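In the numbering used here, the protein residues as written are 3 to 345.
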């Protein structure tokens with residue numbers, strides 16, 4: 003799919019971008035792989051690992067998704083865009099709403115318009131479970147972003163740019179996640195817990211990359227791809243990281259939920275279930291095509307919520323997952339194959 007193609011990753015110096023570059027270089031031979039981000043230091047540091055001397059396809063371009071003219075220039079000649087640029091910290095969004103709107107909403111609109119103007123073949127945008135029934139500003143901005151990319155299908159027409167969205171839960175070990183926080187706090191003998199009832203959807207960074215590349219491959223336009231992934235109980239995660247540490251309860255932060263959802267009851271009317279994922283597709287004709295491919299419509303009243311998930315990880319499974327991440331485990335063991343149907 004990506005051999006000989008030009009791919010651009012917005013926000014490409016983040017945790018996702020680095021892993022995505024690693025995966026693409028491992029499996030494909032792209033013509034160009036462009037990292038588009040606003041931080042020159044992070045680009046310099048990333049360039050030490052993925053340099054043009056080692057990988058002739060690598061390119062680094064400074065720019066901000068808030069700047070549509072810069073995006074149009076960056077997208078010139080690009081086949082595929084993976085839109086990973088976003089502001090993501092929930093508490094920061096509550097106190098800086100205007101900045102989150104500029105990047106997550108206006109930035110998404112700029113990506114859509116620039117992709118249409120530059121004739122990009124496909125765009126996949128990364129979303130979050132917090133965009134489903136949002137209660138915080140971050141989730142609300144990502145819901146707006148999702149809607150813009152789904153609506154992009156109407157702007158593109160039949161043969162225009164294909165826009166789709168990938169929505170998944172918390173990423174294990176990504177920058178700003180709870181795992182590095184807990185690891186840092188182990189030495190204090192206390193791992194603060196916001197609420198012992200709290201649950202979250204859980205996915206590894208590499209699985210997130212694999213799933214988004216699979217969505218890029220399969221997208222027809224207007225879909226929201228949702229993987230079937232396990233849930234965790236936050237106290238279980240703390241126990242897996244440091245069983246001897248105390249777990250003081252410090253209370254839920256502004257904008258946090260006890261449990262996250264990836265498909266609401268209202269969204270489920272447009273959701274098609276496959277063995278390892280769901281696709282939310284508002285277009286009735288495309289829903290029928292998905293059913294013909296082996297999908298099945300979700301039942302009335304269905305929702306996909308972290309506390310009601312049939313797949314919960316145990317403390318031991320969490321510990322094993324964290325060990326595998328440290329060992330940088332191999333892609334072939336993952337459930338989403340890049341070509342053909344999912345494993």
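Positions of the beta carbon are idealized from the N, C-alpha and C atoms, including for glycine. Quick caveat: nothing in here was measured; it's all calculated off a predicted structure.
According to the neighbour-count rule (16 or more other Cβ atoms, all chains shown, within 10 Å of its Cβ), is residue 131 buried or exposed? buried
According to DSSP, is residue 231 helix, strand or coil? coil
On the CB-based measure, 16 or more other CB atoms within 10 Å of its CB, does residue 221 come out buried or exposed? buried
In the DSSP assignment, find the alpha helix (DSSP H) that holds residue 140 and state where it starts and stops. 139-158
State the CB to CB distance for the pair residue 263 and residue 134, rounded to an integer number of angstroms; the pair is presumed to be in contact (CB under 8 Å). 4 Å
Any C-beta of chain D sitting closer than 8 Å to the C-beta of residue 189? Looking at the structure shown, chain D is missing, and only one protein chain is on hand.
Taking the runs of the alpha helix (DSSP H) that are 4 residues or longer, which of them lie wholly in the stretch 217-271? Runs of the alpha helix (DSSP H) lying entirely within the stretch 217-271 and spanning at least 4 residues, in chain order: 236-243.
Assuming residue 83 and residue 107 are in contact, meaning their beta carbons sit under 8 Å apart, how far apart are those beta carbons, in whole angstroms? About 17 Å separates the two Cβ atoms, so there is no contact after all.
On a Cα-Cα basis, can you pick out the residue from 316, 272, 312 and 310 that is closest to residue 297? 272
Length at least 4, wholly inside the stretch 71-139: the alpha helix (DSSP H) runs in chain order: Uninterrupted alpha helix (DSSP H) stretches at least 4 residues long and entirely within the stretch 71-139 occur at 92-97, 99-102 and 109-120, given in chain order.
Would DSSP call residue 48 helix, strand or coil? helix
Cβ contact (3+ pairs, closer than 8 Å) linking the stretch 67-87 and the stretch 117-126: yes
Anticipated Cβ contact below 8 Å, residue 11 with residue 110, distance rounded: Not really, about 15 Å apart at Cβ, beyond 8 Å.
In three-state DSSP terms, what is residue 203? strand
Could you tell me which residues DSSP pairs with residue 39 in its beta bridges? 64
Give me whichever residues DSSP pairs with residue 8 in a beta bridge. 34
Neighbourhood of residue 240 by C-beta, 8 Å cutoff - its chain only, sequence neighbours within 5 removed: 184, 193, 195, 247 and 249
Check for me: the alpha helix (DSSP H) holding residue 26 runs from which residue to which? 17-29
Quick one, are the C-beta atoms of residue 2 and residue 260 less than 8 Å apart? The structure shown does not extend to residue 2, since the chain is modelled only from 3 through 345, so no value can be given for it.
Report the option in 256, 303 and 282 whose CA atom is closest to the CA atom of residue 96. 256
Would you kindly check if the distance between the Cβ of residue 37 and the Cβ of residue 65 is under 8 Å? Cβ distance not < 8 Å, so residue 65 and residue 37 don't count as in contact.
Quick one: give me the first and last residue of the beta strand (DSSP E) that residue 273 is part of. 273-275
Would you call the stretch 88-102 in contact with the stretch 44-61, where contact means no fewer than 3 C-beta pairs closer than 8 Å? no
Pull up the DSSP beta-bridge partners for residue 166, would you. 126
For the stretch 168-182 against the stretch 208-226, do three or more pairs of beta-carbon atoms, one drawn from each stretch, fall closer than 8 Å, so that the two count as touching? yes
With distances taken from CA atoms, which of 181, 46, 22 and 48 is nearest residue 202? 181
Using CA coordinates, which residue listed in 62, 228, 317 and 72 is at the minimum distance from residue 148? 228
Do residue 136 and residue 128 have their CB atoms nearer than 8 Å? no
In chain order, what residues of the same chain have a beta carbon less than 6 Å from the beta carbon of residue 198, not counting five sequence neighbours either side? 237
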